[in-house]
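Take a look at the structure set out below.
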Amino acid sequence: MRTEILSIIEKNSKISLKELSMMLNMAEIDIANEIQKMEEEGIICGYHTLINWEKTSIEKVNALIEVRVTPQRGKGFDNIAQRIYKYPEVKSVYLISGGFDLLVTLEEKSLKEIAQFVSEKLSTLDSVLSTATHFILKKYKDNGTILTSEQNDDIREAITP
Amino acid sequence: MKELLSKKIVNLKPSGIRKFFDIVQDMKDAISLGVGEPDFETPWHIREEGIYSLEHGRTFYTSNSGLKDLKIEISKYINRTQGIKYDFNNEILVTVGGSEAIDIGLRALINDGDEVIIPQPSYVSYEPCAIMAGAKPVIINLKAENQFKLTAQELENCITDKTKILILPYPNNPTGAILTRQDMESLVKIIKEKDIIVMSDEIYSALTYNDKHVSICSFDGMKERTILINGFSKAYAMTGWRLGYTCAPKEIIKQMTKIHQYAIMCAPTTSQYAAIEALKNGDKDVEEMCKSYNYRRCFLINRLKEMKLDCFEPFGAFYVFPCIKEFNMTSEEFATKLLKEEKVATVPGNAFGESGEGFIRISYAYSLDTLKTAMDRIEKFITKLRNE
């Protein structure tokens, strides 16, 4: 039941309990309880809105930063990751396999602010060996949703039989 | 001018769905629940394979019976889903949709006056195809109280010494009915006893919602007397690719291939390459789509229950088939009024045979949002009718 609830609300967090109950053939109250439990257990961590900021007048600059760090004895990468993810402008921090260690994504209002963050805050951390900053020029698809304006109309034609 | 035309063809009834669609087309804000094809686009990796084949110049005919690799994949697919082994070399024919297979299968078997048993409500092509092949169609009017399943009794009652073929249309369009292994057991007994050939149209086999589909070919001794029909349209959302296939005993495939080669040459090449990819790597997509259909199915069933519209629970295809007899209208009157007053298009059940009278077909090959709005409108409509 959890897998089903999760797979539906992962795509549409706005779906009503009533609809969920009809789709899954379960009582609304049971679903509500299950969702609450999953929130408490930290399985459901939040309900966000995917916004295509490019269509607004608000400026946003996004960057991906590859970070190479020295892991600490006994703590691995956790400590340094924490020091980075505590910054509110940091959108995500992943530990990555391959040529570098942490992938940090950042959202700021301007290029300058990102530059500032990288040079003043991130690079100056003791364990950080090097950084490489990539600016995002255009988002085609985000979180499984295509952002370019492809038409979604029903183009099926009438056909018989 | 009539002499100009074939009497047989002139006398064929035009499809009952058509008329309806013409009205819908003229109505701008109408919601249609009439379409019998998936709303999903073909999964990208399958389309990609079609594009790749074009880029690499695979633009020639294939052999008449289809690409060898495709036939091998089809044979593997049937083996892994049904445990039946077909020889890709001479027991499989790739066709232009399942519909071609219906046509040429009947033509390959029928001698003038042979009887073809057609359970209805069912897909509208069986009857005209049987007539065109020179057969006499014998209709079984399936009953709602049997969940539109074909019963042994019904079958037995219409068998004569002219009976040649039984068309077995499950999972069923328009009712969504399925046959379980148990349901089939008693049918199989009669079929063997009376020496009947079965044409099993399993185009919706991938779309069942409780148990996995069982093919009648998996019964002992049935593979030898069955023309199995399937295709890519419904399972992989590939309607526009026009690709299906049929599996049957060698001697039947041989004759079907003759008609196929003279009339069609071969199925579309691009589609065949794409279909190989579908069978190799498409199971996950089918599962995803099936899940999605199932959510909508449950939603509709519960919504119909809420508005107290009588409907048996369908376990296959993507249709529900509620009963509208309480309103004392014919299916056509009901569907027309619903379309005019609330702008929701459904298909009147009688389009699928006399026994579909008193029912309407609702397709759930639509987004949940569309279904929601449509069901709200239907509820408004029947509330109004009940208060009249």
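Which chain is which? The protein sequence lines are A and B, in order.
If you're matching positions, the first sequence starts at 1005 in our numbering and goes up one per residue.
If you're matching positions, the second sequence starts at 9 in our numbering and goes up one per residue.
For each residue, glycine too, the CB sits at the ideal point set by N, CA and C.
Does the Cβ of residue i have 16 or more other Cβ atoms within 10 Å, making it buried, or fewer, making it exposed?
i: TRP249(B); result: buried
i: GLU334(B); result: exposed
i: HIS1052(A); result: exposed
i: CYS319(B); result: buried
i: HIS64(B); result: exposed
i: ILE1163(A); result: exposed
i: SER241(B); result: buried
i: GLY1222(A); result: For chain A, the structure presents residues 1005 to 1165; residue 1222(A) sits outside this window and is missing.
i: VAL18(B); result: exposed
i: THR354(B); result: buried
i: ASP1146(A); result: exposed
i: ASN181(B); result: buried
i: TYR134(B); result: buried
i: ASN1056(A); result: exposed
i: PRO22(B); result: exposed
i: MET383(B); result: buried
State yes or no: is the C-beta of residue i within less than 8 Å of the C-beta of residue j?
i: VAL1108(A); j: ILE1088(A); result: yes
i: PRO46(B); j: ALA325(B); result: no
i: VAL43(B); j: SER371(B); result: yes
i: ASN119(B); j: LYS258(B); result: no
i: PHE360(B); j: GLN128(B); result: yes
i: ILE1143(A); j: LYS1113(A); result: Contrary to the premise, residue 1143(A) reads as Lys rather than Ile in this sequence. No. Outside cutoff.
i: ILE110(B); j: ASP209(B); result: yes
i: ALA282(B); j: ILE25(B); result: no
i: MET140(B); j: LYS351(B); result: no
i: VAL1097(A); j: ALA1085(A); result: yes
i: ILE1009(A); j: GLU1038(A); result: yes
i: VAL196(B); j: CYS166(B); result: no
i: ALA214(B); j: CYS298(B); result: yes
i: ILE368(B); j: ILE390(B); result: no
i: LEU150(B); j: ILE198(B); result: no
i: VAL328(B); j: GLY184(B); result: yes
i: THR1137(A); j: ALA1036(A); result: no
In terms of DSSP beta bridges, what is residue i paired with?
i: GLN128(B); result: ASN149(B)
i: GLU1070(A); result: LEU1107(A), ALA1136(A)
i: LEU1099(A); result: LEU1106(A)
i: PHE367(B); result: CYS331(B)
i: GLU1112(A); result: VAL1065(A)
i: CYS255(B); result: ILE100(B), LEU236(B)
i: GLY324(B); result: THR216(B)
i: SER1127(A); result: Paired residue(s): none; SER1127(A) is not in a bridge.
i: MET207(B); result: ILE175(B), ILE235(B)
Of all Cβ atoms in chain A, is any one closer than 8 Å to the Cβ of residue i?
i: TYR212(B); result: no
i: ASN310(B); result: yes
i: ASP384(B); result: no
i: ARG233(B); result: no
i: PHE323(B); result: no
i: VAL32(B); result: yes
i: PHE240(B); result: no
i: ARG26(B); result: yes
i: VAL104(B); result: no
i: TYR85(B); result: no
i: PHE29(B); result: yes
i: PHE389(B); result: no
i: CYS137(B); result: no
When the cut-off is 8 Å and only beta carbons count, does residue i lie next to chain B?
i: MET1005(A); result: no
i: LEU1067(A); result: Reading off the sequence, residue 1067(A) comes out as Ala, not Leu. It does not; no Cβ of chain B falls within 8 Å.
i: LEU986(A); result: This structure cannot settle anything about residue 986(A), because the visible part of chain A is limited to 1005 through 1165.
i: GLU1112(A); result: no
i: THR1164(A); result: yes
i: ASP1158(A); result: yes
i: GLU1070(A); result: no
i: GLU1023(A); result: yes
So, for residue i: in the same chain, excluding its five sequence neighbours on each side, which residues have a beta-carbon less than 7 Å away from its beta-carbon?
i: THR265(B); result: ASN72, SER73, LEU101
i: ILE1104(A); result: Here residue 1104(A) is Phe; the residue named in the question, Ile, does not match the sequence. So the qualifying residues of the chain are GLU1070, VAL1071, ARG1072.
i: THR188(B); result: ASP219, VAL222
Using C-beta distances below 8 Å, list every residue in its chain close to residue i, excluding the 5 sequence neighbours before and after it, in chain order.
i: ASN302(B); result: TYR217
i: GLY113(B); result: MET207, ILE235, ILE237, THR254, ALA256, ILE260, MET264
i: THR1032(A); result: A small fix is needed here, since residue 1032(A) is Glu in this sequence, not Thr. Closer than 8 Å at the Cβ level, and outside the excluded window around GLU1032(A), lie LEU1021, LYS1022, LEU1024, SER1025.
i: VAL104(B); result: ARG250, LEU251, GLY252, ILE272, ALA275, PRO276
i: VAL32(B); result: ALA38, SER40, GLY42, LEU347, ALA353
Apart from the five residues on each side of it in sequence, which residues of its chain come closer than 6 Å, Cβ to Cβ, to residue i?
i: LEU317(B); result: PRO330
i: MET106(B); result: Rather than Met, the amino acid found at residue 106(B) in this sequence is Gly. These residues qualify, in order along the chain: ILE211, ILE237, GLY239, GLY252.
i: GLN1076(A); result: ASN1083
i: LYS202(B); result: ILE167
i: LEU174(B); result: ILE125, ILE204, VAL206
i: GLY364(B); result: PRO129, GLY357, ASN358
Any chance the CB of residue i is under 7 Å from a heavy atom of the ligand MN?
i: VAL132(B); result: Within the structure as shown, the ligand MN is missing, as the structure has no ligands at all.
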